[in-house]
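Residue numbers (my numbering): 111 to 510. Taking it in order: structure first as C-alpha coordinates, then the write-up.
This is the structure:
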(Lines of atoms letter the chains of each structure in order from A and count residues from 1; the text may use other names and numbers.)
(Lines give C-alpha, C1' and ligand atoms only; values in the text may rest on other atoms or scores of the structure.)
Protein backbone atom coordinates (compact mmCIF):
# COMPACT_ATOMS: atom_id res chain seq x y z
CA UNK A 1 0.00 0.00 0.00
CA UNK A 2 2.93 2.32 0.57
CA UNK A 3 3.84 2.47 -3.16
CA UNK A 4 0.31 3.43 -4.00
CA UNK A 5 0.68 6.63 -2.06
CA UNK A 6 4.15 7.51 -3.46
CA UNK A 7 4.31 10.64 -5.65
CA UNK A 8 7.63 10.34 -7.56
CA UNK A 9 5.86 11.14 -11.01
CA UNK A 10 6.95 8.11 -13.00
CA UNK A 11 3.47 7.54 -14.49
CA UNK A 12 3.19 11.17 -15.53
CA UNK A 13 6.57 11.05 -17.20
CA UNK A 14 5.58 7.92 -19.10
CA UNK A 15 2.34 9.50 -20.20
CA UNK A 16 4.13 12.61 -21.43
CA UNK A 17 6.64 10.55 -23.37
CA UNK A 18 3.87 8.59 -25.02
CA UNK A 19 2.00 11.83 -25.75
CA UNK A 20 5.09 13.36 -27.33
CA UNK A 21 5.62 10.32 -29.52
CA UNK A 22 2.01 10.38 -30.67
CA UNK A 23 2.20 14.13 -31.35
CA UNK A 24 5.42 13.66 -33.33
CA UNK A 25 3.86 10.88 -35.37
CA UNK A 26 0.76 12.97 -35.95
CA UNK A 27 2.77 15.98 -37.11
CA UNK A 28 4.83 13.77 -39.43
CA UNK A 29 1.67 12.26 -40.88
CA UNK A 30 0.16 15.72 -41.27
CA UNK A 31 3.28 16.91 -43.08
CA UNK A 32 3.10 13.92 -45.43
CA UNK A 33 -0.58 14.53 -46.10
CA UNK A 34 0.09 18.25 -46.70
CA UNK A 35 2.94 17.45 -49.10
CA UNK A 36 0.80 14.98 -51.01
CA UNK A 37 -2.08 17.45 -51.12
CA UNK A 38 0.21 20.15 -52.49
CA UNK A 39 1.65 17.72 -55.06
CA UNK A 40 -1.85 16.63 -56.04
CA UNK A 41 -2.94 20.24 -56.38
CA UNK A 42 0.12 21.09 -58.48
CA UNK A 43 -0.55 18.11 -60.75
CA UNK A 44 -4.18 19.11 -61.08
CA UNK A 45 -3.14 22.65 -62.01
CA UNK A 46 -0.65 21.33 -64.58
CA UNK A 47 -3.33 19.09 -66.06
CA UNK A 48 -5.83 21.96 -66.13
CA UNK A 49 -3.28 24.21 -67.85
CA UNK A 50 -2.58 21.45 -70.36
CA UNK A 51 -6.30 21.08 -71.04
CA UNK A 52 -6.61 24.84 -71.61
CA UNK A 53 -3.74 24.76 -74.12
CA UNK A 54 -5.30 21.77 -75.85
CA UNK A 55 -8.66 23.54 -76.07
CA UNK A 56 -7.01 26.63 -77.55
CA UNK A 57 -5.22 24.52 -80.16
CA UNK A 58 -8.44 22.71 -81.09
CA UNK A 59 -10.34 25.99 -81.40
CA UNK A 60 -7.62 27.43 -83.64
CA UNK A 61 -7.73 24.35 -85.89
CA UNK A 62 -11.51 24.82 -86.16
CA UNK A 63 -10.97 28.45 -87.25
CA UNK A 64 -8.55 27.25 -89.94
CA UNK A 65 -11.17 24.78 -91.18
CA UNK A 66 -13.54 27.70 -91.78
CA UNK A 67 -10.99 30.07 -93.31
CA UNK A 68 -7.96 28.29 -94.72
CA UNK A 69 -5.18 30.84 -95.38
CA UNK A 70 -3.83 29.76 -98.74
CA UNK A 71 -1.13 31.55 -100.71
CA UNK A 72 -3.67 34.24 -101.58
CA UNK A 73 -3.55 35.48 -97.97
CA UNK A 74 -0.05 36.97 -98.27
CA UNK A 75 -1.50 40.37 -97.36
CA UNK A 76 -3.82 39.00 -94.68
CA UNK A 77 -1.93 36.29 -92.76
CA UNK A 78 -3.11 34.83 -89.47
CA UNK A 79 -1.77 36.75 -86.47
CA UNK A 80 -1.27 35.71 -82.85
CA UNK A 81 -4.47 35.23 -80.84
CA UNK A 82 -4.90 35.95 -77.12
CA UNK A 83 -7.90 36.14 -74.72
CA UNK A 84 -8.56 39.75 -75.80
CA UNK A 85 -8.59 38.99 -79.56
CA UNK A 86 -11.91 39.61 -81.31
CA UNK A 87 -11.06 38.36 -84.82
CA UNK A 88 -13.27 35.51 -86.13
CA UNK A 89 -10.00 33.78 -86.97
CA UNK A 90 -9.23 33.48 -83.25
CA UNK A 91 -10.66 31.21 -80.53
CA UNK A 92 -13.19 32.86 -78.24
CA UNK A 93 -11.35 33.86 -75.06
CA UNK A 94 -14.45 33.88 -72.88
CA UNK A 95 -15.57 30.46 -74.04
CA UNK A 96 -12.14 28.89 -73.49
CA UNK A 97 -11.84 30.25 -69.94
CA UNK A 98 -15.47 29.44 -69.12
CA UNK A 99 -14.89 25.84 -70.17
CA UNK A 100 -11.65 25.52 -68.21
CA UNK A 101 -11.19 23.99 -64.76
CA UNK A 102 -11.78 26.31 -61.75
CA UNK A 103 -8.08 25.81 -60.97
CA UNK A 104 -7.10 27.96 -63.96
CA UNK A 105 -10.06 30.29 -64.46
CA UNK A 106 -8.61 33.06 -62.29
CA UNK A 107 -5.75 34.87 -64.03
CA UNK A 108 -5.21 32.25 -66.73
CA UNK A 109 -3.98 33.32 -70.16
CA UNK A 110 -3.29 31.64 -73.50
CA UNK A 111 -1.92 32.34 -76.96
CA UNK A 112 -2.21 30.64 -80.36
CA UNK A 113 -0.32 31.25 -83.58
CA UNK A 114 -0.29 29.82 -87.11
CA UNK A 115 2.89 29.35 -89.16
CA UNK A 116 3.76 27.91 -92.57
CA UNK A 117 5.82 24.73 -92.57
CA UNK A 118 8.25 25.84 -95.27
CA UNK A 119 12.02 25.59 -95.16
CA UNK A 120 14.76 24.18 -92.93
CA UNK A 121 13.05 20.96 -91.95
CA UNK A 122 9.83 22.68 -90.92
CA UNK A 123 7.71 20.46 -93.17
CA UNK A 124 7.76 17.65 -90.61
CA UNK A 125 9.63 18.88 -87.53
CA UNK A 126 8.66 21.73 -85.21
CA UNK A 127 10.93 23.96 -83.23
CA UNK A 128 10.24 27.51 -82.10
CA UNK A 129 13.54 28.65 -83.59
CA UNK A 130 12.59 27.27 -87.02
CA UNK A 131 8.89 27.93 -87.26
CA UNK A 132 7.77 30.99 -85.27
CA UNK A 133 9.29 33.38 -87.81
CA UNK A 134 7.38 31.72 -90.69
CA UNK A 135 4.40 33.56 -92.22
CA UNK A 136 0.86 32.97 -91.01
CA UNK A 137 -0.43 31.52 -94.27
CA UNK A 138 0.28 28.57 -96.60
CA UNK A 139 3.12 30.24 -98.48
CA UNK A 140 4.52 27.01 -99.94
CA UNK A 141 1.07 25.87 -101.14
CA UNK A 142 1.32 22.36 -99.69
CA UNK A 143 -1.92 22.55 -97.69
CA UNK A 144 -0.18 22.31 -94.29
CA UNK A 145 0.37 24.74 -91.42
CA UNK A 146 1.78 24.50 -87.90
CA UNK A 147 -0.48 25.59 -85.04
CA UNK A 148 1.12 26.51 -81.70
CA UNK A 149 -0.97 26.91 -78.53
CA UNK A 150 0.39 27.93 -75.12
CA UNK A 151 -1.47 28.37 -71.82
CA UNK A 152 -0.29 29.77 -68.47
CA UNK A 153 -2.14 29.44 -65.16
CA UNK A 154 -0.87 29.83 -61.57
CA UNK A 155 2.67 30.22 -62.87
CA UNK A 156 2.57 27.00 -64.89
CA UNK A 157 2.93 27.00 -68.70
CA UNK A 158 2.14 24.20 -71.14
CA UNK A 159 2.78 24.50 -74.90
CA UNK A 160 1.37 22.25 -77.62
CA UNK A 161 1.95 22.13 -81.38
CA UNK A 162 0.36 20.23 -84.26
CA UNK A 163 0.77 20.15 -88.04
CA UNK A 164 -2.63 20.88 -89.57
CA UNK A 165 -3.60 19.73 -93.05
CA UNK A 166 -6.35 21.16 -95.25
CA UNK A 167 -8.78 18.45 -96.28
CA UNK A 168 -10.08 18.47 -99.84
CA UNK A 169 -13.66 17.73 -100.87
CA UNK A 170 -14.05 16.34 -104.36
CA UNK A 171 -16.81 18.18 -106.20
CA UNK A 172 -19.13 15.96 -108.20
CA UNK A 173 -19.38 16.70 -111.91
CA UNK A 174 -20.55 14.57 -114.83
CA UNK A 175 -17.41 12.98 -116.26
CA UNK A 176 -17.65 14.43 -119.72
CA UNK A 177 -15.48 15.39 -122.63
CA UNK A 178 -18.10 18.02 -123.47
CA UNK A 179 -21.49 19.18 -122.19
CA UNK A 180 -23.07 22.36 -123.56
CA UNK A 181 -26.37 23.75 -124.78
CA UNK A 182 -25.06 23.29 -128.32
CA UNK A 183 -21.77 22.68 -130.10
CA UNK A 184 -20.44 23.88 -133.44
CA UNK A 185 -17.61 22.10 -135.24
CA UNK A 186 -15.99 24.32 -137.87
CA UNK A 187 -14.04 21.47 -139.50
CA UNK A 188 -15.79 19.27 -142.06
CA UNK A 189 -12.84 16.95 -142.48
CA UNK A 190 -12.55 13.28 -141.65
CA UNK A 191 -10.52 13.67 -138.45
CA UNK A 192 -11.04 13.32 -134.69
CA UNK A 193 -11.68 16.65 -132.99
CA UNK A 194 -13.17 15.36 -129.71
CA UNK A 195 -11.63 12.22 -128.21
CA UNK A 196 -14.15 11.20 -125.55
CA UNK A 197 -12.53 7.86 -124.63
CA UNK A 198 -15.55 6.89 -122.57
CA UNK A 199 -16.42 10.38 -121.37
CA UNK A 200 -19.84 11.87 -121.97
CA UNK A 201 -20.56 14.09 -124.98
CA UNK A 202 -23.94 15.79 -124.69
CA UNK A 203 -25.95 18.82 -125.82
CA UNK A 204 -29.15 20.19 -124.28
CA UNK A 205 -30.70 21.06 -127.62
CA UNK A 206 -32.50 18.70 -130.01
CA UNK A 207 -31.20 18.81 -133.61
CA UNK A 208 -33.57 19.94 -136.34
CA UNK A 209 -33.25 20.45 -140.07
CA UNK A 210 -34.53 23.97 -139.43
CA UNK A 211 -31.50 24.92 -137.32
CA UNK A 212 -29.66 28.02 -138.53
CA UNK A 213 -27.06 27.58 -135.80
CA UNK A 214 -25.72 24.06 -135.25
CA UNK A 215 -27.13 22.09 -132.34
CA UNK A 216 -24.87 19.06 -132.73
CA UNK A 217 -21.73 19.95 -134.62
CA UNK A 218 -23.15 20.99 -138.01
CA UNK A 219 -26.45 22.00 -139.54
CA UNK A 220 -28.14 19.40 -141.74
CA UNK A 221 -31.00 19.19 -144.23
CA UNK A 222 -29.06 20.20 -147.35
CA UNK A 223 -25.56 20.41 -148.76
CA UNK A 224 -22.87 18.24 -147.17
CA UNK A 225 -25.25 16.74 -144.62
CA UNK A 226 -28.65 16.27 -146.28
CA UNK A 227 -30.06 14.22 -143.41
CA UNK A 228 -29.54 13.60 -139.72
CA UNK A 229 -28.09 10.08 -140.33
CA UNK A 230 -25.48 11.62 -142.65
CA UNK A 231 -24.56 14.05 -139.89
CA UNK A 232 -24.24 11.22 -137.35
CA UNK A 233 -22.03 9.33 -139.79
CA UNK A 234 -19.63 12.28 -139.98
CA UNK A 235 -19.72 12.80 -136.21
CA UNK A 236 -18.76 9.17 -135.66
CA UNK A 237 -15.31 10.14 -136.90
CA UNK A 238 -15.08 13.66 -135.52
CA UNK A 239 -16.27 12.57 -132.06
CA UNK A 240 -14.55 9.33 -131.06
CA UNK A 241 -15.16 7.13 -128.05
CA UNK A 242 -18.74 8.22 -127.33
CA UNK A 243 -22.12 8.55 -129.01
CA UNK A 244 -23.36 12.14 -128.61
CA UNK A 245 -26.48 12.61 -126.46
CA UNK A 246 -29.10 15.23 -127.35
CA UNK A 247 -31.72 16.81 -125.09
CA UNK A 248 -29.42 16.37 -122.08
CA UNK A 249 -30.95 17.38 -118.72
CA UNK A 250 -28.22 16.41 -116.24
CA UNK A 251 -27.38 18.58 -113.24
CA UNK A 252 -24.05 20.34 -112.75
CA UNK A 253 -22.41 22.04 -109.76
CA UNK A 254 -24.66 23.10 -106.90
CA UNK A 255 -24.61 26.64 -105.54
CA UNK A 256 -22.87 25.31 -102.42
CA UNK A 257 -20.16 23.64 -104.51
CA UNK A 258 -19.66 26.83 -106.50
CA UNK A 259 -19.27 28.81 -103.26
CA UNK A 260 -16.69 26.34 -101.96
CA UNK A 261 -14.69 26.47 -105.19
CA UNK A 262 -14.75 30.26 -105.26
CA UNK A 263 -13.60 30.38 -101.63
CA UNK A 264 -10.78 27.98 -102.52
CA UNK A 265 -9.63 30.18 -105.41
CA UNK A 266 -9.71 33.25 -103.15
CA UNK A 267 -7.71 31.41 -100.49
CA UNK A 268 -5.11 30.36 -103.06
CA UNK A 269 -4.90 33.78 -104.69
CA UNK A 270 -6.24 32.52 -108.03
CA UNK A 271 -9.53 34.44 -108.17
CA UNK A 272 -9.63 37.26 -110.73
CA UNK A 273 -12.17 39.96 -111.56
CA UNK A 274 -11.35 39.71 -115.25
CA UNK A 275 -9.09 37.81 -117.65
CA UNK A 276 -5.75 36.87 -116.05
CA UNK A 277 -2.57 36.23 -118.00
CA UNK A 278 -1.98 32.79 -119.51
CA UNK A 279 0.54 31.96 -116.78
CA UNK A 280 -2.08 32.75 -114.13
CA UNK A 281 -4.42 30.07 -115.51
CA UNK A 282 -2.17 27.47 -113.90
CA UNK A 283 -3.61 26.48 -110.54
CA UNK A 284 -5.73 24.06 -108.57
CA UNK A 285 -8.84 26.26 -108.93
CA UNK A 286 -8.80 29.40 -111.07
CA UNK A 287 -11.89 31.61 -110.87
CA UNK A 288 -12.59 34.39 -113.42
CA UNK A 289 -15.55 36.62 -112.65
CA UNK A 290 -16.10 37.93 -116.19
CA UNK A 291 -14.40 38.87 -119.43
CA UNK A 292 -13.80 37.84 -123.02
CA UNK A 293 -10.57 35.92 -122.46
CA UNK A 294 -8.35 34.83 -125.35
CA UNK A 295 -5.16 32.78 -125.05
CA UNK A 296 -2.92 31.98 -128.00
CA UNK A 297 0.70 30.94 -128.37
CA UNK A 298 2.14 27.68 -127.07
CA UNK A 299 1.38 27.86 -123.34
CA UNK A 300 1.26 24.61 -121.35
CA UNK A 301 -1.24 25.29 -118.57
CA UNK A 302 -1.13 22.85 -115.63
CA UNK A 303 0.02 19.30 -116.41
CA UNK A 304 -1.30 15.77 -116.76
CA UNK A 305 0.05 15.02 -113.27
CA UNK A 306 -1.46 18.18 -111.76
CA UNK A 307 -4.57 19.27 -113.68
CA UNK A 308 -6.70 22.19 -112.57
CA UNK A 309 -10.13 23.68 -113.09
CA UNK A 310 -10.87 27.00 -114.79
CA UNK A 311 -14.24 28.43 -113.75
CA UNK A 312 -15.64 31.27 -115.86
CA UNK A 313 -18.39 32.80 -113.75
CA UNK A 314 -19.57 34.69 -116.83
CA UNK A 315 -18.07 35.76 -120.15
CA UNK A 316 -16.13 33.48 -122.47
CA UNK A 317 -12.75 31.89 -122.97
CA UNK A 318 -10.95 30.99 -126.20
CA UNK A 319 -7.79 28.92 -126.65
CA UNK A 320 -5.72 29.18 -129.84
CA UNK A 321 -2.31 28.42 -131.25
CA UNK A 322 -0.83 25.36 -129.59
CA UNK A 323 -2.07 26.18 -126.09
CA UNK A 324 -2.72 23.05 -124.03
CA UNK A 325 -4.90 23.36 -120.93
CA UNK A 326 -4.80 20.35 -118.60
CA UNK A 327 -8.00 20.26 -116.56
CA UNK A 328 -11.69 21.06 -116.66
CA UNK A 329 -13.05 24.25 -118.18
CA UNK A 330 -16.35 25.11 -116.49
CA UNK A 331 -18.41 28.01 -117.88
CA UNK A 332 -21.04 28.83 -115.24
CA UNK A 333 -22.75 31.33 -117.59
CA UNK A 334 -24.42 33.20 -114.72
CA UNK A 335 -25.58 35.98 -117.07
CA UNK A 336 -27.61 33.59 -119.24
CA UNK A 337 -25.64 34.11 -122.44
CA UNK A 338 -26.66 32.18 -125.57
CA UNK A 339 -23.32 32.66 -127.33
CA UNK A 340 -20.16 30.55 -127.47
CA UNK A 341 -18.82 30.42 -123.92
CA UNK A 342 -15.81 28.26 -124.80
CA UNK A 343 -13.86 28.09 -128.08
CA UNK A 344 -10.84 26.18 -129.32
CA UNK A 345 -8.98 27.23 -132.46
CA UNK A 346 -5.94 26.08 -134.38
CA UNK A 347 -4.07 23.28 -132.62
CA UNK A 348 -5.15 24.29 -129.12
CA UNK A 349 -6.21 21.43 -126.87
CA UNK A 350 -8.14 20.97 -123.65
CA UNK A 351 -7.02 17.77 -121.97
CA UNK A 352 -9.72 17.04 -119.42
CA UNK A 353 -13.17 18.25 -120.33
CA UNK A 354 -15.51 21.18 -120.98
CA UNK A 355 -18.84 21.91 -119.27
CA UNK A 356 -20.97 24.90 -120.25
CA UNK A 357 -24.05 25.81 -118.22
CA UNK A 358 -27.38 27.21 -119.42
CA UNK A 359 -28.02 28.11 -123.05
CA UNK A 360 -24.43 28.89 -124.00
CA UNK A 361 -22.46 26.62 -126.29
CA UNK A 362 -18.99 25.62 -127.42
CA UNK A 363 -17.25 26.10 -130.74
CA UNK A 364 -14.70 23.40 -131.57
CA UNK A 365 -11.80 24.41 -133.81
CA UNK A 366 -10.71 23.46 -137.25
CA UNK A 367 -7.23 21.92 -137.27
CA UNK A 368 -7.07 18.77 -135.19
CA UNK A 369 -7.78 17.22 -131.81
CA UNK A 370 -9.17 19.99 -129.61
CA UNK A 371 -10.74 18.15 -126.66
CA UNK A 372 -9.32 15.01 -125.08
CA UNK A 373 -11.20 13.53 -122.14
CA UNK A 374 -9.13 12.80 -119.02
CA UNK A 375 -10.93 11.36 -116.00
CA UNK A 376 -8.07 12.40 -113.72
CA UNK A 377 -8.91 16.03 -114.39
CA UNK A 378 -12.36 15.51 -112.88
CA UNK A 379 -10.93 13.72 -109.87
CA UNK A 380 -8.84 16.82 -109.21
CA UNK A 381 -11.84 19.17 -109.06
CA UNK A 382 -11.93 19.76 -105.32
CA UNK A 383 -12.31 22.51 -102.73
CA UNK A 384 -11.13 23.19 -99.21
CA UNK A 385 -13.63 21.49 -96.94
CA UNK A 386 -12.10 21.14 -93.48
CA UNK A 387 -8.80 20.90 -91.63
CA UNK A 388 -7.37 18.54 -89.04
CA UNK A 389 -4.20 17.72 -87.14
CA UNK A 390 -2.03 15.28 -89.08
CA UNK A 391 -1.43 12.03 -87.24
CA UNK A 392 1.71 11.83 -85.09
CA UNK A 393 2.50 15.56 -85.32
CA UNK A 394 0.66 16.66 -82.15
CA UNK A 395 2.95 16.98 -79.14
CA UNK A 396 3.97 19.07 -76.16
CA UNK A 397 7.13 21.14 -76.37
CA UNK A 398 9.23 23.25 -74.08
CA UNK A 399 8.63 26.83 -75.13
CA UNK A 400 11.74 28.45 -76.51
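Think of the CB as a built atom: it goes at the ideal place given N, C-alpha and C, for glycine as much as any other residue. Since we're looking at a predicted model, the values are computed, not measured.
Who does residue 221 pair with in a DSSP beta bridge? 260
Looking only at DSSP bridge pairs, what is residue 411 linked to? Looking at the DSSP output, residue 411 bridges to 435.
For residue 326, which three-state DSSP category applies? Correct three-state label for residue 326: strand.
Can you tell me whether residue 370 is helix, strand or coil according to DSSP? helix
Between the alpha carbons of residue 461 and residue 391, how many angstroms are there, rounded? Cα-Cα distance, rounded: 14 angstroms.
Counting Cβ pairs closer than 8 angstroms, one from the segment 439 to 455 and one from the segment 467 to 474, do we hit at least three? Three or more pairs of CB atoms, one per stretch, sit closer than 8 angstroms, so the segment 439 to 455 contacts the segment 467 to 474.
Look up residue 241 in the DSSP assignment and say whether it is helix, strand or coil. helix
Taking 8 angstroms as the limit between beta carbons, can you name the residues of its chain near residue 149, skipping five residues before and five after? Per-residue confidence for residue 149 stands at a pLDDT of 49, beneath the threshold of 50, marking its modelled position as unreliable; the derived number appears in the next sentence. None.
Sub-8 angstroms separation of residue 295 and residue 474 beta-carbons: The answer is yes: Cβ separation under 8 angstroms.
One question on the structure: do residue 439 and residue 464 come within less than 8 angstroms of each other, judged by their Cβ atoms? yes
Taking the alpha carbon of residue 277 as the point to measure from, which residue in 226, 306, 253 has its own alpha carbon closest? 253
Every unbroken alpha helix (DSSP H) inside the segment 442 to 506 [4 residues or more]: Every alpha helix (DSSP H) stretch that sits fully inside the segment 442 to 506 and reaches 4 residues is listed by chain position as 485 to 489.
Considering only DSSP beta bridges, list what residue 279 is partnered with. 493
Measure the CB-CB distance between residue 417 and residue 490 and report whether it falls below 8 angstroms. yes
Is it a yes or a no for the segment 335 to 346 touching the segment 362 to 380, going by three-plus beta-carbon pairs under 8 angstroms? no
Contact between the segment 398 to 407 and the segment 423 to 430 (3+ Cβ pairs under 8 angstroms): yes
Just mark residue 198 as buried or exposed, buried being the case when its beta carbon has 16 or more other beta carbons within 10 Å. exposed
Run the CB neighbour count on residue 482, radius 10 Å, all protein chains shown included, and call it buried at 16 or more, exposed below. buried
If you count every other CB in all the chains shown that lies within 10 Å of the CB of residue 206, and 16 or more means buried, which is it? buried
Selection from 308, 304, 236 that minimises the alpha carbon distance to residue 348: 304
Say whether the segment 177 to 186 touches the segment 234 to 248, bearing in mind that this needs 3 or more beta-carbon pairs closer than 8 angstroms, one atom from each stretch. yes
Looking at the unbroken beta strand (DSSP E) that takes in residue 429, where does it start and where does it end? 426 to 429
Option nearest residue 422 by Cα separation, candidates 451, 315, 415: 451
Does any heavy atom of the ligand MG sit closer than 7 angstroms to the C-beta of residue 441? Although the ligand MG was asked about, the structure shown includes no ligands whatsoever.
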